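Enquirer: Take the sequence shown: its position 39, counted from the start at 1, is 39 in full-length UniProt numbering, and no numbers get skipped.
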Amino acid sequence: MTTIDKLEDVQGIVFSGYNKYMANCSYYLLQIDDAGKTKPWLKNLVEQNQISHGADKPTDETENRINLALSYSGFEKLQLDKDSLYSFELSFQEGMDSEHRSALLGDRGINDPSAWDWGSGAKRVDLLFILFSKNDAIHNASQKYHEKAFKGAGLSVVQRLDAGEKKQDANGFTLEHFGFADGISDPQVDGFPSTSGAGEIATGEFLLGYPNQYDGKLTKMPQLGAVGEAFGKNGTYLVLRQLKQDVGAFWQFMEEEAARQGITTDYLASKFVGRWKSGAVVEPNQDTDPGKVDNSFNFTKDPHGTGCPLGSHIRRANPRAVGLGATAEEALKVANRHRILRRGRSYGNFLENPVKDDGKERGLLFICLNANIERQFEFVQHTWINSVKFAGLYDEDDPLIGSGVAENRNFTIQDEPLRRRVCGFQQFVTTRGGSYFFLPSLSALGLLGNS
Ligand code: HEM
1 MTTIDKLEDV QGIVFSGYNK YMANCSYYLL QIDDAGKTKP WLKNLVEQNQ ISHGADKPTD
61 ETENRINLAL SYSGFEKLQL DKDSLYSFEL SFQEGMDSEH RSALLGDRGI NDPSAWDWGS
121 GAKRVDLLFI LFSKNDAIHN ASQKYHEKAF KGAGLSVVQR LDAGEKKQDA NGFTLEHFGF
181 ADGISDPQVD GFPSTSGAGE IATGEFLLGY PNQYDGKLTK MPQLGAVGEA FGKNGTYLVL
241 RQLKQDVGAF WQFMEEEAAR QGITTDYLAS KFVGRWKSGA VVEPNQDTDP GKVDNSFNFT
301 KDPHGTGCPL GSHIRRANPR AVGLGATAEE ALKVANRHRI LRRGRSYGNF LENPVKDDGK
361 ERGLLFICLN ANIERQFEFV QHTWINSVKF AGLYDEDDPL IGSGVAENRN FTIQDEPLRR
421 RVCGFQQFVT TRGGSYFFLP SLSALGLLGN S
């Protein structure tokens, strides 16, 4: 079992999305206009213990939590020397909106960075400031305080993204906008305070400076001048994507298609996700939601996808122990080299009548953490979610969130004696903005403030 050196050096969001104690959350997307003013502000935040870390567990009394990450342009503006800048992973240097990376991520057509609200061109982001608060009153006051401080720190706000209305189901799971329980399957990470015993996934997958899942070695860390790689230790990469969900179109399609095929709407939608609305995984010969959530399955009891379809969202996002190797053990080993730690929140209000669009925007502020963007987030998005050739399938992408096929999309539901085909539907999720960030350790933030 790995021990993390100094939990107080690791930013708190690595260990928790603060869903339990922090009802409010705003993501400030900032540009650095005057680094000479930004550095002392940063130094102050660290010295006054304002950045939350892994050793300060929130309680009912906790009012705020702050976390902070920088993009490549942010590090450039803080005037890191060339060697330090080039020590970051290539995907991070190139940026999510670069030609190569956006093609790889499926950000084409309606998802193209040229149409984004932020994250590209003049609206590139240097710094991500995440503010969590306990309630509305504290959040409003904190927003005012920090927005004023940004002005004095040579920072301008490109965009503020506020987490939206929160809904929980009877089991206490948060619902995403399509109405499904979310936040169920997160990797049990070795050495994390929430993990009992040795976790299934190596610490180094989500925190630099510890052995990884890939080859048991340390993933390459960014470095800073004389401090070297110690700068990268206890840090990680953070991916942020604003994903708009077209809830009305999703449920309208489900209703029409289910009626056409003589099945129920919830049955069809659950096949798209791979889980019922409650979060229970769809099992073979199951017509209704059992309501009991269990995450210990590995698909070996459903090898052909007659329960949870091979191309469903959760099976593409994490194929577990089936499909990637000759044995279950081998397949799981391969799948576990591409795990991500999700920390996002929904934005916008819930649509009252799910089949009747109200013209308002809503979706997911998707955040994931990973020690290697290319091997983890980008691999999952490109090779599993958007790929038309996956698990023996050949003309479809992730039916829920895929952007690998622009229109007239297909989805196969494996069944006995015959499979079912769902054809001709649109993309239900659109990328509205995004950026890659590096979430430094607290000591690294201190070094940047003092540089
Ligand atoms: C609006 C966009 C999205 C929606 C509505 C959505 C919805 C869901 C839901 C309902 C679940 C099942 C509950 C759970 O295990 O937490 C899930 C699981 C998951 N999603 Fe998404 N998701 C979205 C975007 C993404 C993206 C962009 C990725 C990665 C590129 C992703 C990766 C995953 C992973 C890794 C799991 C867990 C799979 C498992 O281990 O079983 N999701 N998602």
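Virtual Cβ for every residue (Gly too), placed ideally from N, Cα, C. None of the values given here were measured: they were computed from a predicted structure.
Residue 293 lies in the alpha helix (DSSP H); which residues open and close that run?
Expert: On the sequence shown, position 293 is the one that residue 293 refers to. Element bounds for residue 293: n/a, residue is neither H nor E.
Enquirer: Quick check: does the Cβ of residue 364 come within less than 7 Å of any heavy atom belonging to the ligand HEM?
Expert: One-based indexing of the sequence shown puts residue 364 at position 364. Residue 364: yes, Cβ under 7 Å from the ligand HEM.
Enquirer: Using a 10 Å radius around the Cβ and a threshold of 16 neighbouring Cβ atoms, would you call residue 156 buried or exposed?
Expert: One-based indexing of the sequence shown puts residue 156 at position 156. Exposed is the call here.
Enquirer: Residue 208 by DSSP, collapsed to three states: which one?
Expert: Counting from one through the sequence shown, the residue named residue 208 turns up at place 208. It is coil, neither helix nor strand.
Enquirer: Using DSSP with H/G/I as helix, E/B as strand and the rest coil, what is residue 182?
Expert: Position 182 of the sequence shown, counted from the first residue, corresponds to residue 182. Strand.
Enquirer: Alpha carbon to alpha carbon, what distance is there between residue 71 and residue 26?
Expert: Here residue 26 refers to the residue found at position 26 of the sequence shown. Here residue 71 refers to the residue found at position 71 of the sequence shown. Spanning the two alpha carbons is a distance of roughly 18 Å.
Enquirer: Does the ligand HEM have even one heavy atom less than 7 Å from the beta-carbon of residue 48?
Expert: Sequence index remark: in the sequence shown, residue 48 carries index 48 (1-based). No.
Enquirer: How would you write the range of the alpha helix (DSSP H) that residue 136 sits in, first residue to last?
Expert: The residue labelled residue 136 in the question sits at position 136 within the sequence shown. Looking at the DSSP string, the run of the alpha helix (DSSP H) that includes residue 136 is 136 to 152.
Enquirer: Check for me: the beta strand (DSSP E) holding residue 28 runs from which residue to which?
Expert: Here residue 28 refers to the residue found at position 28 when the sequence shown is read from its first residue. Start and end: 24 to 32.
Enquirer: Can you tell me which of 262, 2, 43 and 91 puts its alpha carbon nearest to the alpha carbon of residue 448?
Expert: On the sequence shown, position 448 is the one that residue 448 refers to. Measuring from the Cα of residue 448, the nearest candidate turns out to be 43.
Enquirer: Could you check whether the region 205 to 215 touches the region 401 to 421, counting it as contact only if at least three pairs of C-beta atoms, one from each stretch, sit closer than 8 Å?
Expert: Output reads no: the region 401 to 421 does not touch the region 205 to 215.
Enquirer: Does the separation of the CB atoms of residue 238 and residue 439 fall below 8 Å?
Expert: Taking the first residue of the sequence shown as 1, we reach residue 238 at position 238. Taking the first residue of the sequence shown as 1, we reach residue 439 at position 439. In contact: residue 238 and residue 439 (Cβ atoms closer than 8 Å).
Enquirer: From residue 233 to residue 381, what does the alpha carbon distance come to, in whole angstroms?
Expert: Residue mapping note: residue 233 aligns to position 233 of the sequence shown, counting from 1. Residue mapping note: residue 381 aligns to position 381 of the sequence shown, counting from 1. Roughly 26 Å separates the two Cα atoms.
Enquirer: Look at residue 342 and residue 186 and say whether their C-beta atoms are less than 8 Å apart.
Expert: In the sequence shown, the residue the question calls residue 342 occupies position 342. In the sequence shown, the residue the question calls residue 186 occupies position 186. Yes, Cβ-Cβ distance for residue 342 and residue 186 is below 8 Å.
Enquirer: Please report the straight-line C-alpha distance between residue 229 and residue 443, rounded to a whole angstrom.
Expert: Counting from 1 along the sequence shown, the entry for residue 229 is found at position 229. Counting from 1 along the sequence shown, the entry for residue 443 is found at position 443. Approximately 12 Å, taken between the alpha carbons.
Enquirer: Should residue 83 go down as buried or exposed, given a rule of 16 or more other Cβ atoms within 10 Å for buried?
Expert: Here residue 83 refers to the residue found at position 83 when the sequence shown is read from its first residue. Looking at its Cβ environment, which holds fewer than 16 other Cβ atoms inside 10 Å, residue 83 is exposed.
Enquirer: Indicate, with yes or no, if the ligand HEM has a heavy atom lying under 7 Å from the CB of residue 183.
Expert: Position 183 of the sequence shown, counting from 1, holds the residue named residue 183. For the ligand HEM, at least one heavy atom lies less than 7 Å from the Cβ of residue 183.
Enquirer: Taking 7 Å as the cut-off, is the beta-carbon of residue 317 closer than that to any non-hydrogen atom of the ligand HEM?
Expert: As a first step, residue 317 is located in the sequence shown; it is residue number 317 there, counting from the start. Yes, the Cβ of residue 317 comes within 7 Å of a heavy atom of the ligand HEM.
Enquirer: Comparing the CB of residue 385 with every heavy atom of the ligand HEM, is any distance shorter than 7 Å?
Expert: Reading the sequence shown from its first residue, position 385 is the one you call residue 385. It does: the Cβ of residue 385 is within 7 Å (strictly closer) of some heavy atom of the ligand HEM.
Enquirer: Can you check the region 204 to 265 for any alpha helix (DSSP H) of at least 4 residues that lies completely inside it and give the ranges in chain order?
Expert: DSSP runs (the alpha helix (DSSP H)) wholly in the region 204 to 265: 247 to 261.
Enquirer: Taking all protein chains shown into account, do 16 or more other C-beta atoms lie within 10 angstroms of the C-beta of residue 18, making it buried, or fewer, making it exposed?
Expert: Locating residue 18 in the sequence shown gives position 18, where the first residue counts as 1. Per the 10 Å Cβ criterion, buried.
Enquirer: To which residues of the same chain is residue 63 closer than 8 Å at the C-beta, ignoring the five residues directly before and after it?
Expert: On the sequence shown, residue 63 is found 63 positions in, with the first residue counted as 1. The residues are 133, 134, 138 and 142.
Enquirer: Which residue from 264, 401 and 166 puts its Cα closest to that of residue 106?
Expert: Sequence index remark: in the sequence shown, residue 106 carries index 106 (1-based). Minimum Cα distance to residue 106 is reached at 401.
Enquirer: Within a Cβ cutoff of 8 Å, which residues of the same chain sit near residue 445, ignoring the five residues on either side of it in sequence?
Expert: Counted from its first residue, the sequence shown places residue 445 at position 445. So the qualifying residues of the chain are 42, 45, 46, 51 and 68.
Enquirer: If residue 245 and residue 124 are in contact, beta carbons under 8 Å, what's the gap, nearest whole angstrom?
Expert: Numbered from its first residue, the sequence shown carries residue 245 at position 245. Numbered from its first residue, the sequence shown carries residue 124 at position 124. So it is not a contact: roughly 25 Å between Cβ atoms.
Enquirer: Let me make sure I understand the geometry here. Which of 66, 100, 15 and 104 has the alpha-carbon closest to that of residue 387?
Expert: Along the sequence shown, read from residue 1 onward, the residue named residue 387 stands at position 387. Of the listed residues, the one whose Cα sits closest to residue 387 is 104.
Enquirer: Answer yes or no: do residue 298 and residue 332 have a C-beta to C-beta separation smaller than 8 Å?
Expert: Position 298 of the sequence shown, counted from the first residue, corresponds to residue 298. Position 332 of the sequence shown, counted from the first residue, corresponds to residue 332. Going by C-beta atoms, residue 298 is nearer than 8 Å to residue 332.
Enquirer: With a floor of 3 residues, list each beta strand (DSSP E) that falls wholly inside the region 273 to 350, ordered by position along the chain.
Expert: Fully enclosed beta strand (DSSP E) runs of 3 or longer: 345 to 347.
Enquirer: Using a threshold of 7 Å, is the CB atom of residue 243 nearer than that to any non-hydrogen atom of the ligand HEM?
Expert: Counting from one through the sequence shown, the residue named residue 243 turns up at place 243. Yes, the ligand HEM has a heavy atom inside 7 Å of this Cβ.
Enquirer: Excluding the 5 residues flanking residue 206 on each side, which residues of the same chain have their C-beta closer than 7 Å to its C-beta?
Expert: On the sequence shown, position 206 is the one that residue 206 refers to. Answer for residue 206: 14, 189, 236, 341, 369, 370 and 371, listed in chain order.
Enquirer: What does DSSP give as the partner residue(s) for residue 412 in the beta ladder?
Expert: Numbered from 1 along the sequence shown, position 412 holds the residue referred to as residue 412. Residue 412 pairs with 421.
Enquirer: Could you tell me whether any non-hydrogen atom of the ligand HEM is closer than 7 Å to the CB of residue 381?
Expert: The residue labelled residue 381 in the question sits at position 381 within the sequence shown. Answer for residue 381: yes, Cβ within range of the ligand HEM.
Enquirer: Looking at residue 247: is its Cβ nearer than 8 Å to the Cβ of residue 365?
Expert: Locating residue 247 in the sequence shown gives position 247, counting from the first residue. Locating residue 365 in the sequence shown gives position 365, counting from the first residue. No.
Enquirer: Can you tell me where the alpha helix (DSSP H) with residue 75 in it begins and where it stops?
Expert: If you number the sequence shown from 1, residue 75 lands on position 75. 72 to 77 is the extent of the alpha helix (DSSP H) around residue 75.
Enquirer: What did DSSP end up calling residue 100 once you bin it into helix, strand or coil?
Expert: Residue numbering aside, residue 100 sits at position 100 when the sequence shown is read from its first letter. Looking at residue 100 - three-state DSSP - the assignment turns out to be helix.
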